[in-house]
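First residue of the sequence shown? That's 90 in this note's numbering, and the numbers climb one at a time after it. Down below is the structure, laid out as structure tokens.
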Amino acid sequence: MTPAPLSEAELDRLDALLHGGLADFEPMPLDAVQGLFFALACGPAEIPSSRWLPLVLGASPPTDATGTLREAIDLVTRFHDQCRSDVDGERFGLILYDGEDGGHDLQTWCAGYLEGVDLADPDWYEAGDPDEVDELLFPFVVLAGELHERERSQFKDAEWDELVGSCGSALAEAIVEVREYWQIVRNPPQTVRRDSPKIGRNDPCPCGSGRKFKHCCAAAPDATP
90 MTPAPLSEAE LDRLDALLHG GLADFEPMPL DAVQGLFFAL ACGPAEIPSS
140 RWLPLVLGAS PPTDATGTLR EAIDLVTRFH DQCRSDVDGE RFGLILYDGE
190 DGGHDLQTWC AGYLEGVDLA DPDWYEAGDP DEVDELLFPF VVLAGELHER
240 ERSQFKDAEW DELVGSCGSA LAEAIVEVRE YWQIVRNPPQ TVRRDSPKIG
290 RNDPCPCGSG RKFKHCCAAA PDATP
């Protein structure tokens with residue numbers, strides 16, 4: 090049974106726990122966690138919580154966690170399931186905070202997304218076509234500020250600002266494209282097999298006319314060889 094989505098109050102509580110409410114832990118911020126979980130939901134295979142939970146919390150929690158830490162684990166786990174459900178249903182209500190420039194801080198969210206890509210097993214570049222994966226991840230790399238300096242230097246400041254703006258505007262579409270790509274990779278279209286042997290054009294027509302197929306039914310406007 091799928092747990093209920095977090096309420097606004099529960100999201101606020103999780104946000105507070107990740108922003109200093111966990112002693113001895115250095116957790117990721119909530120927006121980066123959502124980016125991480127979206128990448129896991131989009132990727133080539135499901136990743137167990139034993140791998141992503143220590144990354145989210147900043148340390149491996151004890152198996153007998155209690156109190157505030159237990160509360161955080163439960164909320165994070167439900168948030169993970171909620172993000173997977175949101176991606177499957179293409180509901181992209183992204184958690185974004187204000188950036189230094191007055192706009193949304195897409196950099197932190199996309200940095201979390203790339204953390205999820207790095208956590209994938211199998212690796213995205215091994216499970217898919219490397220060139221296609223590069224193209225799919227390009228908007229996230231740009232917005233996360235992770236584009237290699239050699240590539241970044243090819244853009245003038247105005248061109249770079251325009252690229253960042255266009256990537257930000259199309260972020261939801263980029264998430265959908267990644268999701269659809271891995272759906273096809275995981276479930277490739279099945280080859281249609283014929284139930285009966287293919288009829289050669291010089292074979293006798295199966296209608297029983299005695300003529301060759303090419304001079305009989307194959308010559309009809311709606312015929313299918």
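Virtual Cβ for every residue (Gly too), placed ideally from N, Cα, C.
### Message
Under 8 Å: do the segment 197 to 215 and the segment 240 to 255 share three or more Cβ pairs, one atom per stretch?
### Response
no
### Query
Can at least three beta-carbon pairs, one atom from the segment 159 to 167 and one from the segment 249 to 265, be found at a separation below 8 Å?
no
#### Entry: Rounded Cβ spacing between I184 and D223 (contact assumed at less than 8 Å)
Not confirmed; about 27 Å, so no contact.
### Message
Once the 5 residues before and after P118 are set aside, which same chain residues still bring their CB inside 7 Å of it?
### Response
L107, H108, T197
### Task
Check each candidate in L144, F181, G201 and name the one with the smallest Cα separation from R268.
F181
### Message
What does the Cβ neighbour count give for A128, buried or exposed, with the cut at 16 atoms within 10 Å?
### Response
buried
### C-alpha distance - R167 paired with A209, whole-angstrom precision
20 Å
### Query
Between V52 and L158, which are expected to be in contact by the criterion C-beta below 8 Å, what is the C-beta distance as a whole number of angstroms?
Nothing can be reported for residue 52: it is not among the residues displayed for the chain, which extend from 90 to 314.
### Query
On the premise that L203 lies in contact with E240, defined as a C-beta separation below 8 Å, what is that separation, rounded to the nearest angstrom?
About 16 Å separates the two Cβ atoms, so there is no contact after all.
### Query
Alpha carbon to alpha carbon, what distance is there between F227 and P137?
26 Å
### Message
In this structure, how does DSSP classify P293 when only helix, strand and coil are distinguished?
### Response
strand
### Query
Between which two residues does the alpha helix (DSSP H) carrying R180 extend?
First-last for R180: undefined, no H or E at that position.
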